[in-house]
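Inspection log for the structure reproduced underneath, given as structure tokens.
Below, the structure is given as structure tokens:
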């Protein structure tokens, strides 16, 4: 037996022995203030952590207020649907099945209009199909006598559930009808299982369908009328932003590498570091793009997008952006590698490399403007041409560098700029300029991939019939070859 | 008015004019056999397409028979749960609420054990929490009179639904409790809404919970006892296979580039082309890896994996694999670019490049063996050392090449191998070997990233306590530095 005795100075644990005597277990006195302090500390720590979590969550919402609006919309839709319960005349109509309407709203309401519509259509089609099949199978089973009825029902549930589950593994079905297949299994099981008990099977099916229709209607109205978030617009903005980020990253990357010579302004060096890694967003956006494109197909015309907007073209643009981002990743890797090129060589090549990178990023930025403004660019032909000229110049620079180095073993420009480094320039060992050559080569590869982005954006602009600025129309007539290479 | 008159020879379209006369619209006779033929053709085409779809779906199953087994398991679980309906004594126990058990099975049964467990726990916790809150709110509302009851209930539904929906946007909540938050909203809405009508609120909550428990138990038993698919094992195999694919890709890439000189066997050139692009699987596997790691945490000990197996380490290995795959992508791009290095230079460098690539791929293959067999490798120290030697050799080759070219303007080896190309070798223009230098530089970068994979795998092996082969233990004692660099 253990007994706790609270003395005014502290706590004592006393064990009562079998012979009647008692022994103090903990003689050390723990002042009450210390216990209180520990408890207070624990409580404050918990509060502090919880407050941090709340602040973090709040910032998520502040960064994208559409998320707050979505939450309000979900609450609103649920309040609307619960009206069917609270208002007596409506309650008499749908009865206890109003539950299905609540369930539909919770299960079907998604962040974007497209996703909600997709789920609504899936739910209705899945329910109808499974309901009809369930009633049919139930009729067949009821004709075959009391003994075989459960067996036939069991086998049908087993077979159809297995087939519908398997269909969810097929990519084309999974992309569009994954939720529908689940609802099919659910409804078929419910109808054929409860059909065995509930006599009024048709009434059940009818009630379930009508409540689901009420739920889906409320969802569609709420999602489309109050600050709608269109999957199509989200995809459009995502691709536009990713294009911009890629251009910024490329600029940041090169500024980081050649920055020591060109931009002496060290105070501005921290900001680009953050931008430099923004290409990583492009690397991991494939899944988001695909799901948005998938949902966008279900959406009606909105903003500048018609019903048959070529959403698949956005995926192609996204793929070409990613292909360019892989190269920027490799470029970033070779820039940060241990092997460093001597500054004299870097100075020689920096203007060519920087010219190529800035013209590439100019092309990418122009493409992001094309996407963001949904206006065809006529300037793009000129700046792609300029980028190709920059590629040629860099190639010529490499050529002349090797010719000069093999002819005189010194580079005139380098001698002028750096007289002390005469020994180094006397033998421009290949191994020393390997990092530079790699950067140059990757830049050329990036330029080639930038052209592929331009082609993808051009194809998108043609298929989506982006408008042409009126003052630029005449220019385009003079340059009919605009991006038709 | 249009009238169709079927004559024995064919079909005629006749328009009745306003003045009473009639005009034959289509005078061309369409023989009945042709209509039948067209219908038959359409029907056959449909059947052909449908058959193709079925075959494709069947192949998906054949390639991964676990998908067939999963379908059978879903059917089985549904049959088991419907037993509650068909057997009268059980039916009396749970009554009409057995529907919830069916619903639970359909909603909760997932492909992997981890995903099923995660959803089961989420469903139970969400239901309990929301049920308790719902009953509490309902009691408060009922105390405040008939007039305020629906208003309080509406406000509580709105607020809690909004907060729970917002929590789904927080990454840490989304990763673990996304489904739970949805179930929370659903249950709370149902309880507080139907609490207004159904008098026996506690009985409803109790029934719902017990049927959900039945459903989740059936799911857990079915998913764990019949051919379980563990998310942990899937993740382990995925990472192991991806590692292997990366090694094959690297080999294929270099064989493709230097193949003309080294492997004259053209018949074997098609097979590597397919393997060459297998690194693309690694590029896009991030989302799968993350969700598998997320589900694996819920799984009990199975196979060689304990409950606290360091699943996060697999994500680190996956990230390092992807980082290497980006480089292989860039390498592949520069290999397929228009700029080609002259064969004489290629022949000079091929042996160094091939040595480095094969030693890198050897390291990656050894790492895949480490993962697949869950056995620490002692050889890895030696082959990483060998890879680093190969890097040094390649660097020396680049150095000696530039020294030779600046000293004598000819490369002795090249003169021997290619006497006719004397003019070309006289001036080994830098621009000509740019593609080669890029390939060499990227190979060195790949070697650096391979070492990072080795570090990640080593950290995994240490944390997961992979076993050491008994005959290799003594070797490791001699080389205590094994991968502790």
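Residue numbers (my numbering), protein chains in the order written: chain A, 1158 to 1642; chain B, 1158 to 1642. We put the beta carbon where it would ideally sit given N, CA and C, even for glycine. Predicted model only: the values in this text are computed from it and were never measured.
On the DSSP bridge list, what partners appear for residue i?
i: residue 1462 of chain B; result: B/1459
i: residue 1533 of chain B; result: B/1625
Using the beta-carbon of each residue, which ones in chain B are nearer than 7 Å to residue i?
i: residue 1348 of chain A; result: What residue 1348 of chain A touches in chain B: nothing, since even the nearest Cβ is about 10 Å away.
Relative to the C-alpha of residue i, which candidate in the options has its C-alpha closest?
i: residue 1594 of chain A; options: A/1555, A/1272, A/1331 and A/1514; result: A/1555
i: residue 1335 of chain B; options: B/1412, B/1257 and B/1448; result: B/1448
i: residue 1229 of chain A; options: A/1268, A/1332 and A/1504; result: A/1268
i: residue 1611 of chain A; options: A/1473, A/1312 and A/1548; result: A/1473
i: residue 1239 of chain A; options: B/1315, B/1255 and B/1200; result: B/1315
i: residue 1475 of chain A; options: A/1463, A/1607 and A/1341; result: A/1607
i: residue 1117 of chain A; options: A/1601, A/1350, A/1329 and A/1328; result: What the structure shows of chain A is the stretch from 1158 to 1642, and residue 1117 of chain A is not part of that stretch, so it cannot be assessed.
i: residue 1271 of chain A; options: A/1282, A/1394, A/1380 and A/1341; result: A/1380
i: residue 1262 of chain B; options: A/1210, A/1398, A/1340 and A/1511; result: A/1340
i: residue 1220 of chain A; options: B/1326, B/1293 and B/1278; result: B/1326
i: residue 1413 of chain A; options: A/1358, A/1514 and A/1394; result: A/1514
i: residue 1394 of chain B; options: B/1527, B/1367 and B/1457; result: B/1527
i: residue 1552 of chain A; options: B/1540, B/1519, B/1592 and B/1349; result: B/1592
i: residue 1457 of chain A; options: A/1590, A/1451 and A/1465; result: A/1465
i: residue 1390 of chain B; options: B/1195, B/1531, B/1432 and B/1503; result: B/1531
i: residue 1318 of chain A; options: B/1296, B/1266, B/1507 and B/1193; result: B/1266
i: residue 1436 of chain B; options: B/1614, B/1480 and B/1196; result: B/1480
i: residue 1589 of chain A; options: A/1478, A/1503 and A/1279; result: A/1503
i: residue 1293 of chain B; options: B/1367, B/1517 and B/1313; result: B/1313
Report, in whole angstroms, the separation of the C-beta atoms of residue i and residue j, which I expect to be a contact under 8 Å.
i: residue 1377 of chain A; j: residue 1273 of chain A; result: 7 Å
i: residue 1404 of chain A; j: residue 1525 of chain A; result: 7 Å
i: residue 1241 of chain A; j: residue 1214 of chain A; result: Contact flag wrong, Cβ pair sits at about 32 Å.
i: residue 1460 of chain A; j: residue 1387 of chain A; result: 7 Å
i: residue 1485 of chain A; j: residue 1406 of chain A; result: 6 Å
i: residue 1604 of chain B; j: residue 1544 of chain B; result: 6 Å
i: residue 1383 of chain A; j: residue 1233 of chain A; result: 7 Å
i: residue 1599 of chain A; j: residue 1482 of chain B; result: Not a contact, Cβ separation roughly 16 Å.
i: residue 1550 of chain B; j: residue 1509 of chain B; result: 6 Å
i: residue 1489 of chain A; j: residue 1438 of chain A; result: Actually they are not in contact, since the Cβ atoms of residue 1489 of chain A and residue 1438 of chain A sit about 14 Å apart, beyond 8 Å.
i: residue 1291 of chain B; j: residue 1348 of chain B; result: 3 Å
i: residue 1264 of chain B; j: residue 1345 of chain B; result: Between residue 1345 of chain B and residue 1264 of chain B the Cβ distance is about 17 Å, and since that is not below 8 Å, they are no contact.
i: residue 1278 of chain A; j: residue 1455 of chain A; result: 7 Å
i: residue 1613 of chain B; j: residue 1477 of chain B; result: 5 Å
Residue i versus chain A: which residues are under 8 Å apart at the beta carbon?
i: residue 1443 of chain B; result: 1441
Output, in chain order, the set of chain B residues within a Cβ distance shorter than 9 Å of residue i.
i: residue 1239 of chain A; result: 1307, 1310, 1311, 1314, 1346, 1349, 1350 and 1353
List the residues of chain B whose Cβ lies closer than 8 Å to the Cβ of residue i, in chain order.
i: residue 1232 of chain A; result: 1314, 1315, 1316, 1318, 1319 and 1322
i: residue 1381 of chain A; result: The premise fails here: residue 1381 of chain A is roughly 18 Å from chain B at the closest Cβ pair, so nothing lies under 8 Å.
i: residue 1235 of chain A; result: 1314, 1315, 1318, 1342 and 1346
i: residue 1229 of chain A; result: 1319
i: residue 1339 of chain A; result: 1263 and 1264
Please confirm whether any heavy atom of the ligand FAD lies closer than 7 Å to the CB of residue i.
i: residue 1469 of chain B; result: Looking at this structure, you won't find the ligand FAD or any other ligand, since it has none at all.
Are any of the Cβ atoms in chain D nearer than 8 Å to that of residue i?
i: residue 1412 of chain A; result: Absence of chain D from the displayed structure is noted, the protein chains being A and B.
Subject >> Against chain B: residues of the region 1317-1334 of chain A by CB proximity under 7 Å >> reply: 1318, 1319, 1322, 1323, 1326 and 1327
**OP:** Residues of the region 1208-1226 of chain B with a CB closer than 9 Å to any CB of chain A: list them in chain order, please.
**Re:** 1210, 1213, 1214, 1217, 1218, 1221, 1224 and 1225
**OP:** Determine which residues of the region 1591-1608 of chain B have a Cβ less than 8 Å from any Cβ of chain A, and write them out in chain order.
**Re:** 1591, 1592, 1594, 1595, 1597, 1598, 1599, 1601, 1602, 1605 and 1606
Subject >> Interface positions of the region 1475-1493 of chain A facing chain B (Cβ-Cβ less than 9 Å), listed along the chain >> reply: 1479, 1480, 1482, 1483, 1484, 1486, 1487, 1488, 1490 and 1491
**OP:** Identify each residue in the region 1529-1549 of chain A for which the Cβ-Cβ distance to at least one residue of chain B is less than 7 Å, and report them in chain order.
**Re:** none
Original post:
Quick one, which residues of the region 1254-1275 of chain B are near chain A if we go by CB-CB under 7 Å, in chain order?
Top reply: 1256, 1259, 1260 and 1263
**OP:** Check each residue of the region 1377-1407 of chain A: if its Cβ is closer than 9 Å to any Cβ of chain B, include it; give the result in chain order.
**Re:** none
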